[in-house]
Structure formats: structure tokens, C-alpha cells
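Report on the following structure.
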Amino acid sequence: MAAINDQTESLKILIDAGAKIDIQDNEGNTPLWRAAMRNRKGSPVIDALMEAGANPAISNNHGVSAQNLLGA
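For reference, each letter of the sequence shown is one residue, going 1 to 72 in UniProt numbering.
Here it is as C-alpha cells:
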């Protein structure tokens, strides 16, 4: 939820606490994918996820990755 709602500080706390940054929901979407749907490349929440090592190449159940959404 922190990734979806642009809650960068909350996201950083979760990352520091060991949250799995590449966890996928029932549709295969990762927090980075969800953030990419709502934000542009370079947003603080996307930067925080990328700095923490989130994998932008993970595709969801429809074959779409955060990398596709961000145009990278």
C-alpha cells in the first residue's frame, strides 16, 4: 500500500524492516509495478524501490513488467 499511495517514508521503513520488495500479488504485480502504474519514472517511491533492489523486469500474469510501464 505504501508504494501505491506515494508513502515514501513508510515504504522506506518497511524496506528497512526487511519487507520483500519483489513480492507479487494474486495478479503477479509487484510493489514497483503498482507504483509505476501511478507514478512517473524518477518519483521518490519508484526511486526508493529501485535503490532497494526491486527488479523492474518481473512480469505480472499478463506479461507486463514495471520496466514496460516505465518505458525503460
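We put the CB at the ideal spot given by N, CA and C, even for glycine.
Just so you know, these numbers come straight off a predicted model, no measurement behind them.
Backbone secondary structure at residue i - three-state DSSP
i      : result
Ser-43 : coil
Of the listed residues the options, nearest to residue i (C-alpha basis)
i          : options                           : result
His-62     : Asp-16, Glu-27, Thr-8 and Arg-40  : Glu-27
residue 80 : Gln-67, Leu-70 and Glu-51         : What is shown of the chain runs 1 to 72, which leaves residue 80 out entirely.
Thr-30     : Arg-38, Ser-43, Asn-55 and Val-45 : Asn-55
Ile-15     : Gly-71, Ser-59, Met-37 and Ile-46 : Ile-46
Gly-18     : Asp-25, Met-37 and Leu-49         : Leu-49
Ile-21     : Ile-58, Asn-39 and Gly-42         : Ile-58
Residue environment, residue i, which counts as buried when at least 16 other CB atoms sit within 10 Å
i      : result
Asp-34 : The amino acid occupying residue 34 in the given sequence is Arg; Asp does not appear at that position. The residue is buried, with at least 16 neighbouring Cβ atoms inside 10 Å.
Exercise. Which full runs of the alpha helix (DSSP H) of 4+ residues lie inside the segment 18-72, going along the chain?
Worked result: Within the segment 18-72, the complete alpha helix (DSSP H) runs of at least 4 residues fall at 31-38, 44-51 and 66-70.
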